[in-house]
Amino acid sequence: MDQQVALKIAQRFILLPLEKRRLYLEKMQAEGISPANLPIPRVSDEFEQLPLSFAQERQWFLWQLDPDSAAYHIPTALRLRGPLDIASLQQAFDLLGARHATLRTRFVQNAQGGTCQVIDAQANLRIAVQPLSVPPGQSAEQALRQFISAETAQLFDLRQGPLLRIKLLTLGNDDHVLVLTQHHIVSDARSMQVMVEELVALYSARLQGQPCSLPAVALQYSDYAIWQRHWMQAGERERQLAYWLEQLGDQQPVLALPTDRPRPASRSFRGARVEIQLDSDLSQALQGLARQQGATLFMLLLASFQALLARYSGERDIRVGVPVANRNRPETERLIGFFVNTQVLRAEVDGHLRFSELLAQVRERALGAQAHQDLPFEQLVEALHPERSLSHSPLFQVMFNHRSDTPGAAPQAALALQVEAVGQDSQDAQFDLTLTTHESAQGIGASLNYATDLFDAATIERMLGHWQALLRAVAADPQARLGQLALLDPAQQQSTLRCWNPAPQQFPVRHCIHELFEAQVERNPDALAVSRGDQRLTYGQLNNSANQLAHRLIAMGVGADVRVGLAATRDLPMIVGLLAILKAGGAYVPLDPNYPQDRLAYMMQDSGMSMLLAQEQLLAQLPVPEGVPTLLLDVADDGDCSNPQLKLDPDNLAYVIYTSGSTGLPKGTLLAHANVVRLFAATEQWFAFNSADVWSLFHSFAFDFSVWEIFGALLHGGRLVVVDQDTARSPEAFLALLQRERVTVLNQTPSAFKVLAQVACAAPAGTLDLALRYVVFGGENLEVSSLAPWFERFGDEAPRLINMYGITETTVHVTYRPLSRADLGSAQGSPIGEPIGDLSWYVLDGDLNPVPHGCVGELYVGRAGLARGYLNRGGLSASRFVPDPFGNPGGRLYRTGDLARFTASGTVEYAGRADHQVKIRGFRIELGEVQERLQTLAEVDQALVLAHQGVAGQQLVAYLIASRADIALASAEDQAQAVERLRGLLLQALPEYMVPTHMVFLAAWPLTANGKLDRKALPGPGQLQGSRRYRAPQSALELQLAAVWQEVLQVPQVGLDDDFFSLGGHSLLATQVIVRIREQVNLEVPLRELFQARDFKAFCALVATLQAQSSPLEDELAKSLQALKRLTGDELEKLIS
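Using UniProt numbering, the first residue of the sequence shown is number 1, and each one after it goes up by one.
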């Protein structure tokens, strides 16, 4: 088609009304003509108001949101060596401003609330000349970098312009530095390159007194903006948007990378950068691999980066922003303006995929994106309507940018003037991470820009090291599965494994549990073994009673590995029965009579117990399976008191304890004698338990913590104090028992100890007389901050508080960690210490790879403490007890289901249950982080945060124990006000999506029979007082602002609890709200206030505060300015004259 004909068609298309333009586009497409192939016509003179491009519109919004941010400033610094004619340089800038309208552009809002470009007739591009000031103790280079940073940070006013600042630093007679700073709304990286190239050409021409040879500019950026809008509005937007909606879906997850610090509620945009250079062999190998796979180097490096992000985050859905120059037309190639567009490239990463398969996926999506590159990113954001937050960017949080030319390439010399680029330190970060790669004659270089709000430099350096390791693995074998690509070289992996397990030990077991008990009987038969109130048994008496019962069990067929049900209350016969079953060679199956009937029936049936040993008083309430014989536990017996002489092995079963299962049915865990015996042998170095110790049996014998309590006493010749259920439920009574019985070893779940500690710390000074040597925590996550009152009252030496992480499947305990006051100031929420010597532990990803430093993985435990598996659950056992890839052949690892973080310092931190991590509106949240923040607030003593399903999806609910009695006993209205205060404090520290929707104060935690928190007994959202319902605006200001929201959002009503974005608001509508408030309320409200306000009521409160702070003089000035804006040009001239 003839160029002039094409230009006429394009011009006619642009100038048509919208409906006719749509029809015209359909007709062109039917004839095989695409506007994408037509030239952009010069039509801006036909428009009274010049619209912004979509990219400019977003920049305008971001500037209004945070006018004090320099995150979107583009700096360029050029070293000019040689004689410089400043007058000619000024003339070159004047000519440059005349050529490019963007250098004369500023932005204003019109009466309709929209924004338009204003192009001034003359460019005001003045060169500010000054000498470089070098402070004492600094080099000129350092002073220069500081100046450039300060100049970059200087703010622009987009309404006033100019949006290009020019500073010329004099370093010497023939040595200068030209510092150019532009706002992104009128420029991009390619534009800066064009500007410098043309500046050099214009300067050279002026020096020689010759006319400039630069070709005339065919059109201006405003023409492009008009063309873009009119083309997209005619139907192209819908076509391209359909592609992107299919690619990205309706869920927009936030990439949850492991960070060194929690994500702040609002980004500071502070950043830094780390640079590397790949060695030439690796660079060549990657370039060759890309050609071999039919891909570009960009595609290969992007695929590798997405694979790395998947390994770091544990996510499969990896979305990365990729900038595209968007200059795919000859007429835009040499224009200065904001052309660059951003695309979101999604990869679905699975550890089982081969890298070549991932690369093929990335290639396909990159080509598809290229075919749909004209849709402005801003349009995609508005269409997908992602959750908006000041804490992160929408749709993606990580960017990848590949350049095939040498970055910072210097333009040609201007006659005798040598021009070279000056390197700069990046101080800003628009995203969490931005990886920039570049090809050059030296190979492949890369820089990783990062948000210093989130990451430390050491973390980024490690990440780049892991990326290089992954690239080497890819180059060596592109057919390798992603889960097999090593981020650590063999030496680093061995170092990591040694860090986790520095000194593996073995504790050979030659005896069974009951045999060690019998040795204590031989040693001191008259020592007290067990007591409950006034009832007491010596070691000799306990042994005789257990032996008599054991012989009867043997006569009834009990032997090695035979399972025997044991149903007993918390009393001495329970201990007798338990020992009797072990002495008979059997394995006891504890049946707590307080358990629900359905659970007991299931356990009795599933365990396949050969018989039941029970107290007579319980038989009537027990659902005993038909055909299972019963032996009464509490019937007097004058039988054989000798120790049964059975040949048993320590690997024979000792007990089967049932724990909760994911299917809702409990599962029986099979534990041998050897597991228990080695537990005490391996921990002896830390505790040195002895016959003088008095232990409390606080927990149900159906909870494996009881194994530690019972045999901790009886295998060391100590005394076991059985705590009845009423006493265990009363912290006051239990505290009295601890003093009366002179207990030295107390074992507690953190939930139970919190209640006990409150009572102990509240006791008047001098009234407590505790004999405690140790308090051992286990069974659930410990929040060290909750121990502050205890340490304040009792110190950290006597008793010593010990945290022992563990699970039933690994025999009660896995780790050992003494606690002290110093831990209160630690960032670690739950320090779990080091593994017990004969155990091993690993923090692994989903493909059993050791996670890198700083990353979160699942905790695996191996070696001596592992259970046999689950009774009657072969498939479950195989999935949870997996082959150990790091240990001896035949070794196993247990998948705990717990998350752990391998910190930068080399320690392992507990990071919560895998099933306690939730996603709220696309954001992955660790509930413990919200809990910890709540517990820092003065009104809160303890907190628990859970996710519940609400009408609009998952929502957070916070359960709180108040720090003061007046809050706990306050009325519902007063508590609601306290909750509002807490919500406001949380919003200062956490992103809005992490602030619980509901908060409720409880008088006390509901506990299970095992002393653990009973989550099922907590009220759900529907039961909580104050569940939100419509509340109408009341005050005059609320009614006025509600009308503004209703008008902008096109909704029939706005309530006090409504959220702007939940009602359909987005960035452009937010801008309109601010404009209408300015016009109708005569108040300037910063745009970010609308984002920070959690609901309409909070927004009204912010506006009321601003209104109260504004002076009458400011109000009159605002009214005057509004009146001036309504005047025509002629009226203004008359007013001035």
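For each residue, glycine too, the CB sits at the ideal point set by N, CA and C.
Since residue i contacts residue j with CB under 8 Å, what's their CB separation in whole angstroms?
i, j, result
"residue 893", "residue 882", "5 Å"
"residue 1221", "residue 55", "In this structure the chain extends from 1 to 1137, so residue 1221 is not present and cannot be described."
"residue 62", "residue 72", "7 Å"
"residue 1210", "residue 1037", "Residue numbering for the chain in the displayed model covers 1 to 1137; residue 1210 lies beyond these limits and cannot be assessed."
"residue 1077", "residue 1069", "Residue 1077 to residue 1069, Cβ: 13 Å. No contact."
"residue 452", "residue 270", "5 Å"
"residue 867", "residue 671", "5 Å"
"residue 747", "residue 784", "At roughly 18 Å, the Cβ-Cβ gap does not stay under 8 Å, so residue 747 and residue 784 are not in contact."
"residue 127", "residue 90", "5 Å"
"residue 691", "residue 716", "6 Å"
"residue 52", "residue 115", "6 Å"
Taking 9 Å as the cut-off, decide whether the C-beta atoms of residue i and residue j are in contact.
i, j, result
"residue 437", "residue 366", "no"
"residue 701", "residue 592", "yes"
"residue 231", "residue 374", "yes"
"residue 1141", "residue 901", "What the structure shows of the chain is the stretch from 1 to 1137, and residue 1141 is not part of that stretch, so it cannot be assessed."
"residue 558", "residue 585", "yes"
"residue 589", "residue 704", "no"
"residue 178", "residue 80", "yes"
"residue 24", "residue 12", "yes"
"residue 810", "residue 865", "yes"
"residue 549", "residue 613", "yes"
DSSP three-state label for residue i, please.
i, result
"residue 586", "coil"
"residue 192", "helix"
"residue 962", "strand"
"residue 731", "helix"
"residue 467", "helix"
"residue 456", "coil"
"residue 658", "strand"
"residue 999", "strand"
"residue 815", "strand"
"residue 483", "helix"
"residue 1069", "helix"
"residue 703", "coil"
"residue 894", "strand"
"residue 803", "strand"
"residue 1110", "coil"
"residue 1030", "coil"
"residue 881", "strand"
"residue 672", "strand"
Please return the same chain residues whose Cβ sits closer than 7 Å to the Cβ of residue i, not counting the five positions on each side in sequence.
i, result
"residue 4", "none"
"residue 372", "240, 243, 244"
"residue 381", "394, 395"
"residue 1014", "1006, 1007, 1008"
"residue 316", "310, 348, 349, 350"
"residue 301", "402, 437"
Return the chain-ordered list of same chain residues with a C-beta closer than 6 Å to the C-beta of residue i, the five sequence neighbours on each side being excluded.
i, result
"residue 277", "445"
"residue 1061", "388"
Quick one: does residue i have its CB under 9 Å from some CB of chain D?
i, result
"residue 867", "The displayed structure is made up of one protein chain only, and chain D is not part of it."
Take residue i and list the residues in its own chain whose beta-carbon comes closer than 8 Å to its own, dropping the five residues that flank it on each side.
i, result
"residue 170", "129, 130, 131, 132, 176"
* **Length-filtered (4 minimum) alpha helix (DSSP H) runs lying within the stretch 269-338** => 280-292, 297-313
* Runs of alpha helix (DSSP H) lying entirely within the stretch 529-613, each at least 4 residues, in chain order -> 539-555, 572-583, 597-607
* Asked: If you scan the stretch 348-426 from start to end, which runs of the beta strand (DSSP E) of 3 or more residues do you find wholly inside it?
  -> 398-403, 418-421
* Asked: What runs of the beta strand (DSSP E), each 3 residues or longer, lie entirely inside the stretch 733-778?
  -> 745-748, 774-777
* To do: Would you mind listing the beta strand (DSSP E) stretches within the stretch 109-186 that are 3+ residues and don't spill past its ends, in chain order?
  => 115-119, 127-131, 164-172, 175-183
* **Segments of 3+ residues assigned as beta strand (DSSP E) that fall wholly inside the stretch 192-248** => none
* Pick out the complete alpha helix (DSSP H) segments inside the stretch 36-77, 4 residues or longer, and give them in chain order. => 54-65
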